[in-house]
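Chemist: This is the structure, below, for whatever I ask next.
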Amino acid sequence: MSTSTPGWSTVPSAASVVPPSAGRRTARSSMGRILLVTLAVLVMAACLLLVLLLIGTDTGVTGFVAGFVFALVPVCIVLPALLWLDRLEAEPTGQLLFAFGWGAVVATFIALIINSYSLAALTRYGGDISTAAVFVAPWVEEISKGLAVLIILLWRRREFDGIVDGIVYAGLAGLGFAFTENVLYLGRSLQENGTAGLAVTFVLRGVFAPFAHPMFTMATGIGLGIASRTRRAWVRLVAPVVGLLVAVALHSLWNLSAVAGLRGFIGVYVVVQIPIFAAAVGFALWARRREARLIRQHLQVYVASGWFTPGEVEMLGSLSERRRARTWAFTVGGSRGRASMRAFQAAATELAFARDRATRAALSQEAQQIERSLLAQVTAHRYGFVGAAGVA
């Protein structure tokens with residue numbers, strides 16, 4: 134590491150005259166929010182118990198345990214990728230858990246019930262399981278998974294900052310759904326066809342398609358992310374609908390390949406699914422780089438007014454420089470210094486996105502209060518790794 138003085142080791146002029154107080158938190162608790170959280174927990178707990186009952190009855194104890202263990206493998210592949218994508222502007226842990234939990238228990242319960250009744254109705258009129266899988270299940274499952282992202286957008290609008298947030302929340306909802314569905318299919322395969330059936334199902338679902346459900350639902354998340362960033366009413370309406378339609382189409386195509394035999398599955402997988410997956414990865418990376426540019430762009434205003442140094446802004450717009458800054462903070466202040474740097478980075482990022490929202494809407498009194506509170510938090514956290522002796 135270079136011995137030269139880094140650009141984040143001093144206190145800029147405006148911040149040097151502000152007392153190092155953490156300021157007020159911008160998130161406000163209310164009885165209504167507490168009641169909503171309680172309701173969400175109760176709904177998810179009830180759905181969890183019902184899903185456990187339905188799957189356990191179908192698979193038996195041995196099948197359930199085996200399915201649970203093997204279903205964890207795709208989670209260990211997809212989850213780190215989604216969290217890596219979320220590193221620049223990390224979402225609250227509670228909301229990430231909500232998205233995963235909703236997909237794992239609420240969306241799964243909805244799908245189990247509606248898909249079962251739909252299959253029974255289609256069978257009565259000459260349909261079969263293939264018809265349900267291609268024309269009914271994608272609608273039911275993508276709407277139920279997408280509701281997780283919509284609820285977060287409506288519930289915590291101020292913390293939903295666009296396309297990357299939509300991708301992450303949708304991916305987690307899809308991952309949770311895939312996890313529970315894998316427990317069911319893997320456990321059922323073991324019960325019906327023994328270890329050979331379990332192995333085949335694991336390869337198809339856990340090796341070939343760990344990103345399938347998250348990728349489908351990401352289309353809905355992108356639509357909601359676009360809607361969250363626009364002031365045009367028609368875009369707010371059309372973007373989520375288009376996203377949902379894309380999600381359903383991708384899901385239907387995937388299910389069609391699954392019921393078309395091995396040759397059809399391989400053909401669709403190679404010709405369609407792999408290119409779509411590559412495009413989805415490229416789009417997600419582009420969206421994250423765009424977030425980094427937004428951070429640098431909106432924090433430049435505060436450089437001119439003396440709240441940030443140019444070196445701090447460059448650091449905040451780069452993941453590698455953020456890691457370097459945390460390492461430097463640890464060398465000068467130990468664990469407390471590193472924690473202060475991490476909190477400084479989080480508050481500064483939130484400030485950049487708060488300003489981005491303000492540029493797309495009328496500057497309200499609440500927005501000004503949020504800005505002042507975040508500037509106070511940034512200043513307080515800066516003193517944790519620079520200290521009063523570093524004042525320029």
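Start counting the sequence shown at 134; every next residue gets the next number (our numbering).
Glycine included, C-beta positions come from ideal geometry on N, C-alpha and C.
Between which two residues does the alpha helix (DSSP H) harbouring THR264 extend?
Modeler: For THR264, the enclosing alpha helix (DSSP H) has its first and last residue at 262-268.
Chemist: Taking ALA204 and VAL316 to be in contact with their CB atoms under 8 Å, please state how far apart those CB atoms are, rounded to whole angstroms.
Modeler: 5 Å
Chemist: Name the two residues that bound the continuous alpha helix (DSSP H) containing ASP298.
Modeler: 296-335
Chemist: Can you list, in chain order, the residues of its chain whose CB lies under 8 Å from that of PHE477, leaving out five sequence neighbours each side?
Modeler: VAL511, HIS514, ARG515, GLY517 and PHE518
Chemist: CA-CA distance, VAL206 and THR264?
Modeler: Taking the CA atoms as reference points, VAL206 sits about 30 Å from THR264.
Chemist: CA-CA distance, PHE312 and ILE296?
Modeler: 24 Å
Chemist: If you reduce the DSSP assignment to three classes, tell me which class GLY394 lands in.
Modeler: helix
Chemist: For the alpha helix (DSSP H) containing TRP461, name the first residue and the last one.
Modeler: 452-492
Chemist: Mark THR136 as exposed unless 16 or more other C-beta atoms lie within 10 angstroms of its C-beta, in which case mark it buried.
Modeler: Reliability of the predicted coordinates at THR136 is poor, the pLDDT of 45 falling under 50, and the value obtained from them is presented with this limitation in mind. Looking at its Cβ environment, which holds fewer than 16 other Cβ atoms inside 10 Å, THR136 is exposed.
Chemist: For SER473, collect the residues of the same chain with a Cβ closer than 6 Å to its Cβ; drop the 5 residues on either side in sequence, then sort them by chain order.
Modeler: HIS514, GLY517 and PHE518
Chemist: Which residue wins for smallest C-alpha separation from LEU221, given the options ALA485, ALA500, LEU378 and GLN501?
Modeler: Checked all of ALA485, ALA500, LEU378 and GLN501; the closest Cα to LEU221 is ALA485.
Chemist: Where do the ends of the alpha helix (DSSP H) carrying LEU255 lie?
Modeler: 241-257
Chemist: What does the alpha-carbon distance come out to for the pair PRO139 and VAL465?
Modeler: 12 Å
Chemist: Which of the three DSSP states is assigned to GLU274 in this structure?
Modeler: Helix, per DSSP.
Chemist: Residues in the same chain with beta-carbon distance under 7 Å from ARG158, minus the five sequence neighbours each way, listed in chain order, please.
Modeler: Here the model assigns ARG158 a pLDDT of 45, short of 50, so the residue's position is not dependable and the matter cannot be decided.
Chemist: Alpha carbons only, please: which of GLY279, ALA240, ALA372 and THR241 is nearest the one belonging to ALA303?
Modeler: GLY279
Chemist: Keeping to the same chain, check which residues put their C-beta closer than 7 Å to that of LEU187; ignore five residues upstream and five downstream.
Modeler: Listed in chain order, the non-local C-beta contacts of LEU187 below 7 Å within the same chain comprise LEU245, local neighbours out to five positions each way being set aside.
Chemist: Since LEU286 and SER361 are thought to touch, with beta carbons under 8 Å apart, how far apart are those beta carbons, to the nearest angstrom?
Modeler: 6 Å
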